[in-house]
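Colleague: Starting off with a structure, shown below.
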Amino acid sequence: MADVTTAVTAIPLVPFAAFLVALLVGHYKPAALPKGGALAGIAATAVSLALSVWAFLTVGAGGATLSRVWTWVPAANDSFALTFGVLVDPLSALMVVIVSGVSLLVHVFSLGYMNDEGEGGLPRYYAGLGLFTASMLAFALASNLLQAFVFFELVGFCSWWLIGHWFREPGPASAAKKAFLVTRFGDYFLLVGLVGVLGTFGTAAFAGDASFPALAHAALEGEASVNTFGVDPATWFTTLGLLILGGVIGKSAQFPLQTWLPDAMEGPTPVSALIHAATMVAAGVYLVARLYGFYALTPTVLTVIALVGGFTALFAATMALVKREIKQVLAYSTISQYGYIMLGLGSGGYVAGVFHLLTHATFKALLFLGAGAVIIAMHHDEDMWKMGGLKERMPTVYWAFLSGSLALAGIVPFAGFWSKDAVLHHALTVGLGGQPLVLLAYLMGLVAVAFTGFYTFRMVFLTFHGEPRSETARDAGPASANMRVPVAILGVLAAVVGLVNVDPLKGVVGEHLLFLERWLNGPLPGLAGPTAEHYHELVVDVAGFHTVAVSPTVSAVVSLVVALAGVALAWTWYNVPEPSEKTDVLGPTKTLLYNNYYQDEFQTWLATGVVEPLADAVDVFDASVVDGVVNGVSSTSLVASDRLRRVQTGVVTTYTTQLVLGLVVLLLIVLLLGGWF
Amino acid sequence: MVPLQYYLLFSAAMFCIGVFGVLARRNALVYLMSVELMLNAANVVFVASSAHYGTISGQVFSLFTMALAAAEVAVGVGIVLVAYRNFKDIDITNPTSMRW
Amino acid sequence: MNEWIAVGVFAVVAASIPAVMVSASRLLRPSVPEKGKETVYESGEVPTGGTRLNFNIQYYMVALLFVVFDIETVLIFPWTVVYQDAVGAAGLGSALAPMLVFIAVLVVGLGWAWRTGVIRWVSSANTEFNT
Amino acid sequence: MALPALTPQYVLGLAALLVLVVDAFTPTSRKNGLLAGLTALAGVTSAGAAAWLYAGGAGRTTLFDGALAVDASTSFFTAVFGCVAALVAVASYDYVREEPHQSAYYALVLLATAGMSVMAAANSLVTAFLALELVSLPAYALVAYLKRDAGSAEAGLKYFVVGALSSAILVYGISLVYAATGVFGFAALADAVAGNAHVTVLGAGVVMLIGGFAFKTASVPFHFWAPEAYEGAPAPVSAFLSSASKAAGFVLAFRVFLLAFPLAAFEALGIPWTLVFAVLAVVTMTLGNVAAATQTNVKRMLAYSSIGHAGYALIGLAALSGPTSSDVAVVGASFSHLFVYGFTNTGAFLVVALAERWGVGRTFEDYAGLARSAPVASAVLAVLLFSLAGLPVGGGFWTKYALFLGAVQSGLWWLAAVGVVNSALSLFYYSRLVKAVWVDAPDETGVARERPTGIYAAVVVAAVVTVALLVAPDVVFSWADAAARALVSA
């Protein structure tokens, strides 16, 4: 078998090759590119998936690896080196399987969504998908924060590329710009944090004894000293953690930087699936999981993560309640679900968070691909009030979509139930264990469960049940095979993937059936640090997150009941032949929700009303003082330049004269120094 | 035996005369002669020091200097000829088309 | 130091004799400026043309080649002086080979100059003596 | 396989003779391609041989009774010279195609390169001087190569006038050092200068040596020849002189001052020559960059910028402080800078050669809109110029960073500050050219330009190497470090 590092390095390189093929062949000889590059992409992601599975199995057999692939900048002058490498541990092995798997299905689905619909710019589209996949895989395998940052940015760039696929229309173009700018705003903090990490620890490595989480731990224990710029280590690490979190909040669309994500629905639906399930948005929370050894040292940051997560889960869920477009509902559900993942990670539930990341990837990919199939059937009309009765017209999609919806709503035994419950249970135990803020986050998360059940099934009923409410819905035909197959595969997975970690049944089935937990705890020979067990110790010992024993079953029943209540309300209101809008019961809140709490308006106001005057003021200062100084300097140097170059008179004897004078001056300097005079 | 200092002062005087010629004369050939004078000032030091230290290396260096001087004149006269062809003069201050 | 004083005195005397003679004759002689006295002395012949005339550029090329090869003898000469001793001390090869290489390099240069016509005397009317 | 330590030098010298022999046998036929190929092959072969010698890791070999010493710095710089000579030869294939006396041109390029590689191996003031003159004399002739071009003749004359004076000063400096010590070999000098009784003579001699090296590296106040010589010379020759010849001057200066005139001994004598170099560095980089800022002629702007770069490289001599590790770092940074600069600057001048061949004129205005008709060359030009400015598009970014860092670490933060300000200024005038090429509208549109293969290949290679050094600097920088170590701890 090939050497692990080589094989793993190939995981992102293969889709990258597909990207190059699509780009170059698509540019120079588009006719030679079968299916606009789709086949190359499918082949590449299939190879990546195979390699990822192989890496996964290797890690399972105890083959976790950390290796340096390339030294970009060697350590010189006692400073740090900048390197690129691969870190293959349970977390990254799991992530590459998810990413390449979802990406493969998205590629296949795109055959139906893009090719069969005769969309233009296919090479560009598939090149984007290839680069997107490649950068996300490379991000997942990154061995240090710098490398992660590079690919994090590349992921952001690719989502700009793909969201703006139909760039000739104003909507996608502006949505792409918005996504790019909002996430970039967050990334700015990440960049500052990265520089801070390098400056503090002299390394940005994730794993190993010389990694920065390990150094931070040692520094807190007083066993190592790092350059904290005169600040107390705990405070400084909190600052760094919060800075890095800025990037996470932007990418994972957490409050208050979530506004780009609903707009991003302007992109092709398969892209939305990829962005939401496995790449762009997942990158944020994945970074938190990757840096868990660092975050576990800083209780403040953990609490912030939990609070942001809980609040976002609730906040986004309320907005999803009233949306008319199917993809908008899904968009807000994504924000909400990533809120749960953040809640899980923030309350110290590493396994729970990663678990929800896994299940969410499955069912959200499913829901988007299903929605994509619906949208194609509806000829790109996304208004749910014009759908209805699609159950009979596209049964495969319906059943798969239903599976995904049950998972999203958290109904036993579908995937989302297990993972969401694991998150909530963990937050509850920690919250009761003396962390009131985490408890608050838990309560918000719990309320959001009801909302989730409601909006999910409102969507299902409005789309698939009842009578068709438009001509298009009446004439809708079944989806094509290359759309049905990925949806069906994911439908099955959404039903069963939760069984890898049946947390609420811990008491019943025994520890050995908690596959994911065992997996993440897994033995890591030669790699100190990134195991769930180690993280748990850190959370308890360093961050001081103690737990109170609460039966997982009780917690599970509570959330299930809440979820069912939401579903039940949706059932009574919308599972009727002629559903009507019930949003009036919300009163004035309805308008508020329709307008997403006026956040866009608020942010626009923030930009035009606050930042712009401020910028104007700064501009005045800039134009008068700073520019004055800069222009002064530059005009001085230009005048000086004009004078100085006159020294070069063109007459060679003046050169020799000045040369001799210069020599005499040098001689005088040296002889003065030498003590001749 | 004349002390080395005398030779040094003598050669310094030669060198300075050479420098004066370099700075003051505009005729390219006189310029070359002045440079020769500077080189020969160095030769005086080489030979005198060689005698002073009782080593032969300085004398050998002076031979190299002479050879170099000849080569330099060879190239130099060639360049002066090229300049003459273009500027119809061998005044080294004449070509000033490129400046500033 | 004393013996050098004599040399110094000798130098001063030697320099002063012509100076004294020239200045004495300047004081004594009558001053009769006349055109014939300012003409160029050409061994009694009647001078033709001006004193400033340009020589053919090809003299320079020959002169340059001469100077260069003349100077090479400066480097060859010390070698010939120590050659016998060097053969005895280091053997024939070590003493001879470097000079052969040196000469070979010169030969390549000369051969090239010859073949490319640098030293061919081109006679053309307008470059002969353009005064 | 164990090569003789002087293989690169032999290759270059024999190639020069071979060019003459070939021409002597067929004086009438045109064989530009053959001669250019021979020259480029010799350059590449010598660079390869140097790399081979370095990879063989033979350490330090002294030859000819210590007159020459081959070490990692020799092989490093020989590689630079070989590569630059090869690039220049390939570009010259197109540039001198119509000119007479091509064999002389290529032979002179090869002889100068051979001289440079001997400079990099010099271990005695005798060989140092001879090698330096072996570079200078062909260089004078090369600058004046376009005999019927008034600019070339003027450039050659000025270069020669300043050069003759400088070499006389250098010889006199050597004679004074000899008068004070009685030896020429570097190792013997290092012993002889320690506690030397003739401080005044020695000091004056050392200053005059600095003058001689300053001429070769185009540093103030011996830089006056550079703007004119680079402007008037054939562009490939400008490229050759401003990168290879400059690097040769630097390697010789480093060898002399690190091996023969140890800083510690001179500080004990009260002559810390680092201070002289610090002053020269500041003045050189400021004068070069400031004077470049308002130039209107592209080649002259590059000439002044090349003076500015000599100032950056001088930091390597100015920021020596004593401890081996920091000295190795700063000298290594200077070496790497010269390496990167060798490719980048050669490429920039060769783009000018390309423009001269197209006849687009010499000023910034003439270059306006060049990108419309020659996108590849313009892109290459932009990359090269931004790398020269120190933006992270080429290896120049790392080397400038390392140089300034080295200066700061030696406590010369003011030197680093001046360097940074100068870099900012340099960005101004480089951007002017990039703007002219890419943004400004051309006078006439739809011009079709021929693609001279040789120059195109050379500029593209230069740009590719420049960018590759940003991405994978380690290969070269570790070699530079070994080269620096060979001199610092010799």
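Chains as they are written, first to last, in the numbering used here: chain X, 1 to 677; chain G, 678 to 777; chain U, 778 to 908; chain C, 909 to 1398. In this text, a Cβ means the ideal position worked out from N, Cα and C, and glycines have one as well.
Would you kindly check if the distance between the Cβ of Val-839 of chain U and the Cβ of Ala-748 of chain G is under 8 Å?
Modeller: Contact flag unset, no.
Colleague: Would you grab the beta carbon distance between Tyr-860 of chain U and Ala-872 of chain U for me? Rounded to a whole angstrom, and I think it's under 8 Å.
Modeller: Right, their Cβ atoms sit about 6 Å apart.
Colleague: Beta-carbon within less than 8 Å of Tyr-761 of chain G's beta-carbon, same chain only, minus the 5 sequence neighbours each way: which residues are those?
Modeller: Ile-767, listed in sequence order.
Colleague: Would you give the residue range spanned by the beta strand (DSSP E) that Thr-83 of chain X belongs to?
Modeller: Run containing Thr-83 of chain X: 82–88, per the beta strand (DSSP E) assignment.
Colleague: Use the C-beta contact count for Trp-891 of chain U: other C-beta atoms within 10 angstroms, 16 or more gives buried, fewer gives exposed.
Modeller: That one is exposed.
Colleague: Rounded to the nearest angstrom, what separates Leu-215 of chain X and Tyr-126 of chain X at their Cα positions?
Modeller: The straight-line gap from Cα to Cα measures roughly 42 Å.
Colleague: Between the stretch 847–878 of chain U and chain G, which residues of the former have a C-beta closer than 8 Å to a C-beta of the latter?
Modeller: Within the stretch 847–878 of chain U, the qualifying residues are Asp-847, Ile-848, Glu-849, Val-851, Leu-852 and Pro-855.
Colleague: With a 10 Å radius around its C-beta and 16 neighbouring C-beta atoms as the bar for buried, classify Glu-517 of chain X as buried or exposed.
Modeller: Label assigned to Glu-517 of chain X: buried.
Colleague: Could you tell me whether any non-hydrogen atom of the ligand ADP is closer than 7 Å to the CB of Glu-1007 of chain C?
Modeller: Among the components modelled here there is no ligand, and therefore nothing to report on the ligand ADP.
Colleague: Short of 6 Å in beta carbon distance, which residues of its chain neighbour Asn-903 of chain U, apart from the five on each side in sequence? Order them along the chain.
Modeller: Confidence at Asn-903 of chain U is low in this model, with a pLDDT of 48, below 50, so the placement of that residue should be treated as unreliable; the coordinate-derived value is given next. Nothing listed; no residue qualifies.
Colleague: What residues of chain X sit near Lys-1308 of chain C, judged by a beta carbon separation below 8 Å?
Modeller: The premise fails here: Lys-1308 of chain C is roughly 13 Å from chain X at the closest Cβ pair, so nothing lies under 8 Å.
Colleague: Have a look at Leu-302 of chain X and Leu-82 of chain X and give me their C-alpha separation to the nearest angstrom.
Modeller: Straight-line Cα distance between these residues: approximately 28 Å.
Colleague: What in chain X is Cβ-close to Phe-1312 of chain C, meaning under 8 Å?
Modeller: Near Phe-1312 of chain C there are no residues of chain X at all, since even the closest Cβ is about 11 Å away, more than 8 Å.
Colleague: Please classify Met-483 of chain X as buried or exposed, where buried requires at least 16 neighbouring CB atoms within 10 angstroms.
Modeller: Its Cβ being crowded by 16 or more others within 10 Å, Met-483 of chain X is buried.
Colleague: By Cβ distance below 6 Å, which residues in the same chain neighbour Val-988 of chain C in space, the five residues on each side in sequence not counted?
Modeller: Ala-1155, Phe-1247 and Gly-1250, listed in sequence order.
Colleague: For Ile-769 of chain G and chain X, any beta-carbon pair shorter than 8 Å?
Modeller: Closer than 8 Å: yes.
Colleague: Could you list which residues in chain U have their beta carbon closer than 7 Å to that of Met-710 of chain G, in chain order?
Modeller: Chain U residues near Met-710 of chain G: none, gap ~14 Å exceeds 7 Å.
Colleague: Output needed for Tyr-684 of chain G: all residues of its chain with C-beta closer than 7 Å, excluding positions within five of it in sequence on either side, in chain order.
Modeller: Around Tyr-684 of chain G: Val-721, Val-722 and Ala-725.
Colleague: In this structure, what does DSSP give as the bridge partners for Thr-970 of chain C?
Modeller: Answer by DSSP bridge pairing, in chain order: C:Ala-977.
Colleague: Could you run through the stretch 712–741 of chain G and flag, in chain order, every residue whose CB is less than 7 Å away from some CB of chain U?
Modeller: The residues in question are Leu-740.
Colleague: Run through chain C and tell me which residues come within less than 8 Å of Arg-892 of chain U, C-beta to C-beta.
Modeller: Per Cβ cutoff of 8 Å: Asp-931, Ala-932, Phe-933 and Pro-935.
Colleague: Assuming Ile-98 of chain X and Ala-361 of chain X are in contact, meaning their beta carbons sit under 8 Å apart, how far apart are those beta carbons, in whole angstroms?
Modeller: With 8 Å as the limit, Ile-98 of chain X and Ala-361 of chain X qualify as a contact, their Cβ atoms being about 5 Å apart.
Colleague: Have a look at X:Trp-54, X:Pro-613, X:Val-88 and X:Ala-55 and flag the residue whose alpha-carbon is nearest the alpha-carbon of Ser-67 of chain X.
Modeller: Among X:Trp-54, X:Pro-613, X:Val-88 and X:Ala-55, the Cα nearest to that of Ser-67 of chain X is on X:Val-88.
Colleague: What is the DSSP secondary structure of Ala-142 of chain X, reduced to helix, strand or coil?
Modeller: Looking at Ala-142 of chain X - three-state DSSP - the assignment turns out to be strand.
Colleague: Can Ala-532 of chain X and Ala-296 of chain X be called in contact, C-beta distance under 8 Å?
Modeller: No; because the gap between Cβ atoms is not below 8 Å, this pair is not in contact.
Colleague: Quick check: what's the CA-CA separation for Val-558 of chain X versus Ala-31 of chain X?
Modeller: Each residue's alpha carbon lies about 58 Å from the other.
Colleague: Could you tell me which uninterrupted alpha helix (DSSP H) segments, each at least 4 residues in length, are contained entirely in the stretch 368–400 of chain X, listed from first to last along the chain?
Modeller: Here the runs fully enclosed are 390–393.
Colleague: Just checking, does the stretch 130–149 of chain X make contact with the stretch 99–107 of chain X on the three C-beta pairs under 8 Å criterion?
Modeller: Counting Cβ pairs under 8 Å, three or more are found: they touch.
Colleague: Give, in chain order, every residue of the stretch 640–661 of chain X whose Cβ lies closer than 7 Å to some Cβ of chain G.
Modeller: So the list reads Arg-645, Arg-646, Gln-648, Thr-649, Gly-650, Val-651, Val-652, Thr-653, Thr-656, Thr-657 and Val-660, given in the order they occur along the chain.
Colleague: With DSSP run on the structure shown, which of helix, strand or coil describes Asp-766 of chain G?
Modeller: Coil, per DSSP.
Colleague: In three-state DSSP terms, what is Val-754 of chain X?
Modeller: The structure shown does not extend to residue 754 of chain X, since chain X is modelled only from 1 through 677, so no value can be given for it.
Colleague: Would you say Leu-925 of chain C lies against chain U (beta-carbon separation less than 8 Å)?
Modeller: Yes, contact with chain U.
Colleague: Hey, does Ala-1072 of chain C have any beta-carbon neighbour from chain G nearer than 8 Å?
Modeller: Closer than 8 Å to some Cβ of chain G, the Cβ of Ala-1072 of chain C qualifies, so yes.
Colleague: Since Leu-145 of chain X and Val-197 of chain X are thought to touch, with beta carbons under 8 Å apart, how far apart are those beta carbons, to the nearest angstrom?
Modeller: That belief holds up - the Cβ atoms of Leu-145 of chain X and Val-197 of chain X are roughly 6 Å apart, short of 8 Å.
Colleague: Examine chain C for any beta-carbon lying closer than 8 Å to the beta-carbon of Val-86 of chain X, and answer yes or no.
Modeller: With 8 Å as the cut-off, Val-86 of chain X does not count as an interface residue toward chain C.
Colleague: Answer yes if the stretch 410–427 of chain X comes into contact with the stretch 558–568 of chain X, meaning at least three C-beta pairs across the two stretches below 8 Å, and no otherwise.
Modeller: Yes, since at least three Cβ pairs between the stretch 558–568 of chain X and the stretch 410–427 of chain X fall closer than 8 Å, the two stretches touch.
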